[in-house]
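Undergrad: Residues 363 to 735 in the working numbering are what the sequence shown spells out, letter by letter.
Cβ atoms here follow ideal geometry from the backbone N, Cα and C, with glycine treated the same way.
Computed from a predicted structure; not experimentally measured.
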Amino acid sequence: MKYLLFVITYCFYVFISQNQAFSLELPTSGNFETVKSGDTLISVLRQNAWTKSDISSVLQHKEAVDFVLYPGAEYYISRKSPVASLIVFFETESDNALIFEKTAHEAKISYDELKYTKKAVSVSGKVVGSLQASIMEKVPSTAIAQRFMNAYVLDYNLRKSLQRNSPYSLTFEKKYLGKRFIKYGEVLQASLEINGSEIKRDFVTFKNGGAFIDPMGTSKKPFYAPVEYLNISSLFQPRRRHPITKRVIPHMGIDFELAIGSPVFSVAGGKVLRTGRNRAAGNYVVIKHLNGLESFYNHLSETNVSPGQYVEPGEHIAAVGCTGYCTKAHLHLAVKSNGRFIDPSKYVKPYPYHKRNKIETYRVSATKKYEVR
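(1) Verify whether the separation of the beta carbon atoms of D517 and A469 is less than 7 Å.
(2) When the Cα of L386 is compared with those of S624, A426, V450 and G571, which residue comes out closest?
(3) V589 bridges to which residues according to DSSP?
(4) On the three-state DSSP scale, how would you describe S492?
(5) Rounded to the nearest angstrom, what separates Q599 and E555 at their Cα positions?
(6) Taking the straight line between their C-alpha atoms, what separation do you get for V710 and V515?
(7) Report all residues from its chain with a CB closer than 6 Å to the CB of S379; omit the five preceding and five following residues, and keep chain order.
(8) Can you list, in chain order, the stretches of the alpha helix (DSSP H) that have 4 or more residues and sit fully within the segment 436-501?
(9) On the criterion of 16 or more Cβ atoms from any shown chain inside 10 Å, does F627 qualify as buried, or is it exposed?
(10) Hey, could you find the ends of the beta strand (DSSP E) T331 is sitting in?
(11) Does DSSP classify A691 as helix, strand or coil?
(12) I'd like the list of long-range same chain contacts for I404, defined as Cβ closer than 7 Å, with 5 residues on each side in sequence excluded.
(13) With DSSP run on the structure shown, which of helix, strand or coil describes H661?
(14) Just to check my reading of the structure: P529 and S496 have Cβ atoms closer than 8 Å, yes? What is that Cβ distance to the nearest angstrom?
(15) For the beta strand (DSSP E) containing R639, name the first residue and the last one.
(16) By alpha-carbon positions, which one of K608, G686, N660 and V647 ends up nearest to P669?
(17) Roughly how many angstroms lie between the CA atoms of K480 and K536, to the nearest whole one?
(18) Can you tell me which residues form a DSSP beta bridge with H678?
(19) By a C-beta neighbour count over all protein chains shown, 10 Å radius and 16 as the cutoff for buried, is G547 buried or exposed?
(20) Which residue wins for smallest C-alpha separation from S553, given the options A513, E590 and N570?
(21) Looking only at its own chain, which residues have a Cβ that is under 6 Å from the Cβ of C688, when we skip the five neighbours before and after it?
(22) Which one of S596, T402 and Y437 has the shortest CA to CA distance from F429?
(23) Taking its Cβ as the centre, do 16 or more other Cβ atoms sit within 10 Å of S707, making it buried, or is it exposed?
(24) Below 6 Å CB to CB, which residues in the same chain sit around E463 once its five sequence neighbours on both sides are set aside?
(25) Between the Cα of N519 and the Cα atoms of E722, T580, L597 and S531, which residue gives the shortest distance?
(26) How would you label A543, buried or exposed, when you count the other beta carbons within 10 angstroms and need 16 or more for buried?
(27) Which residues bound the beta strand (DSSP E) around K650?
(28) Relative to the C-alpha of R601, which residue among N593, P584 and V610 is closest?
(29) For I561, collect the residues of the same chain with a Cβ closer than 6 Å to its Cβ; drop the 5 residues on either side in sequence, then sort them by chain order.
(30) Among residues of its own chain, excluding the 5 on either side of A505, which ones have a beta-carbon nearer than 8 Å to its beta-carbon?
(31) Any idea if E499 is buried or exposed, counting beta-carbon neighbours within 10 angstroms, 16 or more meaning buried?
(32) Since S581 is in the beta strand (DSSP E), which residue starts that stretch and which ends it?
(33) Starting from F510, trace the beta strand (DSSP E) both ways and give me its first and last residue.
(34) Taking 6 Å as the limit between beta carbons, can you name the residues of its chain near H651, skipping five residues before and five after?
(35) What does DSSP give as the partner residue(s) for A573 in the beta ladder?
Below, the structure is given as structure tokens:
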């Protein structure tokens, strides 16, 4: 499920061409506000002069039906007149926006990619207390702090490896429409002292995703990432409190938060043992690999394989969903060895199989760059 930050404003926008990014400049007038608990899309529209007829006409569209309003999301309000407004919902996971336009004569909806101006910003500091809190003292964004930690969590236990006053630095994107800052983008580079050594991570972008990699080293892990963008929302935790049942139940895998329909790939070649559906896992796939390990893929929206089928490394086997016990769309990846679940982070590379050549090409060039320094 996409986490959206929405903006309400009135402005003029120009389409560059269909399926291409277009420019949208927000007016200097208006104020940012915050979605409160209990707010709904309908209630917000009504507060801004949308009639029942207006709302009914736009809510017939799939984009509006799928939209979820989250408490705490910021929005910007500006109105040209009591009956005219433009409502723009900015996706945090992409540069797309859901746009509702109302005039005195009509109400309409569109879903388009916006043309942002991106600025790279660098900050540094020292870890005092938690790593997340330390980063947020410099950058007031939970998303940026979590992305920074995502750069390391597949390789390090940050709670055990960090010392007080460990230095860190990061370079990240800020996105603007015109001169107005809208949201934070990706963390581009990260540096963190772990066990007394500086550990660097670079973000490598590729179509439909990207990965944090060690620019100076090659991963020896046997499995590749099952998705194209590693947005890790939960790690292997033997005593995690379940978000739905509220009971202390082991979380025996890693959760990758992605939009519904995002492709899921086999972490390695092997034989499909089972596919099916149950109340907890939702739609699932289980694959037995040549090294004896088994990989589990849960909460899928759809599957593309059948029991007994052999799959290649990185084969497209399913799509991300939110079936079973699920509060937000994600892939739950688990790994089993000799009948027992083990921590997948010890086995999974940070990038999918079909991007391995691009990652290696980047490493060669990065090694030369760092050697020059």
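TA: In short, the structure shows the following:
(1) no
(2) V450
(3) DSSP lists no partner for V589.
(4) coil
(5) 24 Å
(6) 11 Å
(7) The predicted model places S379 with a pLDDT of 34, which falls under 50 and marks its position as unreliable, so this point remains unresolved.
(8) 493-500
(9) buried
(10) Since the first and last residues shown for the chain are 363 and 735, residue 331 lies out of range.
(11) coil
(12) I417
(13) strand
(14) That pair is no contact at about 10 Å.
(15) G632 to N640
(16) V647
(17) 6 Å
(18) F627
(19) buried
(20) A513
(21) H661
(22) T402
(23) buried
(24) L448 and K470
(25) L597
(26) It is worth fixing the name first, because residue 543 is Phe in this sequence and not Ala. Exposed is the call here.
(27) G644 to H651
(28) V610
(29) L554
(30) T454 and Y546
(31) exposed
(32) That residue, S581, is in no beta strand (DSSP E); it is neither H nor E in DSSP.
(33) Careful: F510 lies outside any beta strand (DSSP E), inside the alpha helix (DSSP H) at T504 to N512.
(34) A630 and G632
(35) V566
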